[in-house]
Amino acid sequence: MDDKNKQTKRSLSGLEVKPVYTPDDLANTDFARDLSQPGEFPFTRGPYPNMYRGRLWTRRQIAGFGTAQATNERYRFLLDHGQNGISTDFDHPTLTGYDSDHELAEGEVGRLGVAIDSVRDMDDLFLDIPLDEVSVSLTINHPAIVLMGMFLSVSEKRGVDWRKLRGTVQNDSLKEFHGQKTFALGPGPSLKLTTDIVEFCTNHVPNWYTISISGYHIRESGSDAVQELAFTIAQGMAYVESALERGLLVDSFAPRLSFFFGCHNDVFEEVAKYRAARRMWARIMKDRYKAGKPESMRLRFHTQTLGSTLMRQDPQNNIARGTLQALAAVLGGTQSLHVSGFDEAFDIPSEEAMRMSLATQLILSHESGVTNTVDPLAGSYFVESMTNDIEDAAWEYISKIEALGSGEYPMKTGILSAIDTGYIELEIARSAYEYQLRIESGEQVVVGLNQYQSEGSQKLELFQFDPEEEEWQKGRLAETRGRRSPADVKSALSSLNQAARDDKNLMPPVLEAVGVLASEGEILDTLRDVYGEYVDPGVF
Amino acid sequence: MATQPSNIKILLAKLGLDGHDRGIKVIARAMRDAGMEVVYMGMRVTPDQVAQTALQEDVDVVGISILSGAHMRLIPRLTKALRERGIADDTILMVGGTIPEDDVEPLEKMGVRGVFPVGSFTTSMTEFIIENVSRGRSTPQA
């Protein structure tokens, strides 16, 4: 071997990568035990036997901006252009549980997502969209119980049986403290609300996915792939323990948990991450939590290509990045996919960028041939080794979190402690900083940014935000307030307050409150009164 | 003469409800490692809170990160709040985030000294700060 071959190479997340892999690297890997067939325990090779031969992944581009009416138009555009699932993106005020007329909401109403203040806006959002036919993903976390309540209320009003609703609510409250950061309440109370939704849907909305356990935002916050995998699985374990503690049977709720990962540029590391995630989750559910149904053990996930990999320099290069990342997600067996818009380093995506993202998915589906065989990289000495390595590295983190916990539910108590001490946030911040230093030193090449820069840059047609919409939305909220019974609202909010103090499941009183047109901010204010508001500790 | 980083104090904050704090925390670490004194206010603060803290902490630089698209609304409120406290002229205001090219010049006209869109290097920010603080200190105050 020449000198270049002797140098240690590392994956994007720092795992050692050898120049050549051989059967010796898989000496401890047993086909039947560690891989098996697709659709069979431990599901390393995929949750279903025939994967994309049976059904392609769902093309689910997230969208939301301005008012509910404007977003409804975008949904119908996407459905007309090859999309087959809806994913809602809410604006920051909605995500953090503030009404559009709150002081902190200024300039952010409808800006990065759609503004929802009351059940009337939710009704507009899904105008002429059949809720029992299209699967809908509500991307909301700490106020999830309110938005879920509004969605159920609209369904009921339209005569759609809750048992027919297929969709997802993100409802991953724990990751909000170290990824995405749209928190409203502290870790304990927000975990309680997450579990309320799991319990309520298990009993009343049985085909709904109750939590989308999310690594995507952790990765966007700067974690590496190992941390993304580890913290996501750890969060999933905490949710399972919280539901078990509530008295739910594992096989009653576990089949309705799903996952959400990001996808970065290191193709084989990403494929290994997805395969390891499936194997880890299957074993955790079977061995540790004693699940009996295969559906409780098989991990299914949505993927979003990472916005943080998109560059302002030569933005068309981002189409190549999105294609590579989407390919990795498909080779890793994703169930649904969002390809981020190539112009997202400037603003939320233009319609043209979203059309390009959908085309990327369609070309992968129909022209690349990658859908023809299941888990095509299985058996690669390299990919199987990488799958083992990333799993081992993730377990180190999970064990550390478990060691912080105690009692019958150590992952639940452990992760609450890891959040309180800032452990997870600081680990992610460290990775983000180290990655930035590698880019600035030139050690990590980013084409167009620190090497191969081109002269001048092409001007893009960016998304055009309508600044009138904020005022319109505020007017709409005032009008809603005007047409309701103040006594009913007061009574509903007071029932909610009491139910929270009595530690009851809060979905029924929230349904009552949204039904009398209480606003999202008013409902969250009631909860903030009882539980206290979470304030960014500002650690770095 | 160039001011030593150890003699520079910088205030960092995120205005509004925007949760994208990866970049500003990277910058906080980089400025700290460069030797500056860093005060990080965290997220969800108002322009008035930033200006008040800048006054109380007597900082040289205020760095604001906005990836929510609300910069054209929030920055004028911040520059006004700095003016009201009489510290607009000797506070170097920097803004970073998802800022479209077309907004850079209007922001500079509002009084922003440096705009650093996503992808900017921390080393370029350090150089910018040292140069601007040095220039400010070598100019006799009116």
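Chains as they are written, first to last, in the working numbering: chain G, 151 to 690; chain U, 386 to 527. Glycine included, each C-beta is placed from N, C-alpha and C at the ideal position.
Review point. Which word fits LEU275 (chain G), buried or exposed, when buried means at least 16 other C-beta atoms lie within 10 angstroms of its C-beta?
Key: buried
Check your understanding: Taking C-alpha atoms, which residue in G:ILE469, G:ALA668 and G:HIS452 lies nearest to VAL286 (chain G)?
Key -> G:HIS452
Exercise for review: Tell me the start and end of each unbroken beta strand (DSSP E) in the region 191-252 of chain G that is at least 3 residues and wholly inside, in chain order.
Suggested key: 236-239
Check your understanding: Exposed or buried, which one is ARG210 (chain G) when buried takes at least 16 other CB atoms within 10 Å?
Key -> buried
Check your understanding: Exposed or buried, which one is TYR547 (chain G) when buried takes at least 16 other CB atoms within 10 Å?
Key -> buried
Practice item. State yes or no: is the C-beta of THR382 (chain G) within less than 9 Å of the C-beta of GLY397 (chain G)? Key: no
Practice item. In the DSSP assignment, find the unbroken alpha helix (DSSP H) run with THR510 (chain G) in it and report its ends. Key: 501-516
Point to revise | Per-residue contacts from ALA568 (chain G) into chain U (C-beta, under 8 Å) | key: Near ALA568 (chain G) there are no residues of chain U at all, since even the closest Cβ is about 18 Å away, more than 8 Å.
Point to revise | Cα-Cα separation, LYS440 (chain G) to ALA543 (chain G) | key: 24 Å
Exercise for review: Specify the secondary structure class of LEU340 (chain U) as computed by DSSP and reduced to three states.
Suggested key: In the structure as shown, chain U starts at 386 and stops at 527, and residue 340 (chain U) therefore has no counterpart that could be examined.
Point to revise | Proximal residues of chain U, C-beta to C-beta of GLU670 (chain G) below 7 Å | key: Under the 7 Å cutoff, chain U gives no residues; its nearest Cβ is about 13 Å from GLU670 (chain G).
Exercise for review: Could you tell me if ALA527 (chain U) is buried or exposed, where buried requires 16 or more neighbouring beta carbons within 10 angstroms of its beta carbon?
Suggested key: Any reading at ALA527 (chain U) must be qualified, since the residue scores a pLDDT of 46, below 50, and its modelled position is unreliable; the value itself is stated next. Flag for ALA527 (chain U) reads exposed.
Review point. Can you check whether the CB of GLY408 (chain U) is closer than 9 Å to the CB of GLY481 (chain U)?
Key: yes
Check your understanding: On the three-state DSSP scale, how would you describe HIS367 (chain G)?
Key -> helix
**Study point:** Where GLY496 (chain U) falls: helix, strand or coil (DSSP)
**Key:** coil
**Study point:** Beta-bridge pairing of THR453 (chain G) - partner residues as DSSP gives them
**Key:** G:PHE411 and G:LEU487
Check your understanding: Buried or exposed: GLY625 (chain G), going by 16 or more other Cβ atoms within 10 Å of its Cβ?
Key -> exposed
Review point. Hey, quick one: how far does the beta strand (DSSP E) through GLY442 (chain G) stretch, first residue to last?
Key: Where GLY442 (chain G) is concerned, there is no enclosing beta strand (DSSP E), given that its DSSP letter is neither H nor E.
Practice item. Measure how close the beta-carbons of VAL310 (chain G) and LEU281 (chain G) come, nearest whole angstrom, since I'm counting them as under 8 Å. Key: 5 Å
Review point. Do LEU245 (chain G) and THR332 (chain G) come within 9 Å of each other at the CB atom, strictly closer than that value?
Key: yes
**Study point:** Straight-line Cα distance separating LEU407 (chain G) from ASN357 (chain G)
**Key:** 11 Å
Review point. Residues of chain U with a CB under 8 Å from the CB of MET461 (chain G): which are they?
Key: GLY504
Check your understanding: Does any CB atom of chain U fall closer than 9 Å to the CB of ALA294 (chain G)?
Key -> no
Check your understanding: Does the Cβ-Cβ distance between ASP416 (chain G) and GLU166 (chain G) come in under 9 Å?
Key -> no
Check your understanding: For SER285 (chain G), which three-state DSSP category applies?
Key -> coil
Point to revise | Cutoff 9 Å: LEU612 (chain G) Cβ touching any chain U Cβ | key: yes
Check your understanding: For PRO502 (chain U), does the three-state DSSP call read helix, strand or coil?
Key -> strand
Point to revise | Residue(s) in a DSSP beta bridge with TRP358 (chain G) | key: G:GLY317
Point to revise | Alpha-carbon to alpha-carbon, GLY427 (chain U) and VAL689 (chain G) | key: 8 Å
Point to revise | Listed by chain order, chain U residues near LYS331 (chain G) by CB distance under 7 Å | key: GLY404, ASP406 and MET428
Exercise for review: Check each candidate in G:VAL520, G:LYS640 and G:ARG631 and name the one with the smallest Cα separation from VAL269 (chain G).
Suggested key: G:ARG631
Check your understanding: How long is the line joining the alpha carbons of ALA380 (chain G) and LEU467 (chain U), rounded to whole angstroms?
Key -> 44 Å
Check your understanding: From the beta carbon of GLU258 (chain G), is the nearest beta carbon of chain U less than 9 Å away?
Key -> yes
Point to revise | Per DSSP, cross-strand counterpart(s) of SER450 (chain U) | key: U:LYS399 and U:GLY481
Review point. By DSSP, does VAL520 (chain G) sit in helix, in strand, or in coil?
Key: coil
Practice item. With a threshold of 16 other CB atoms inside 10 Å of the CB of LYS562 (chain G), please say whether the residue is buried or exposed. Key: buried
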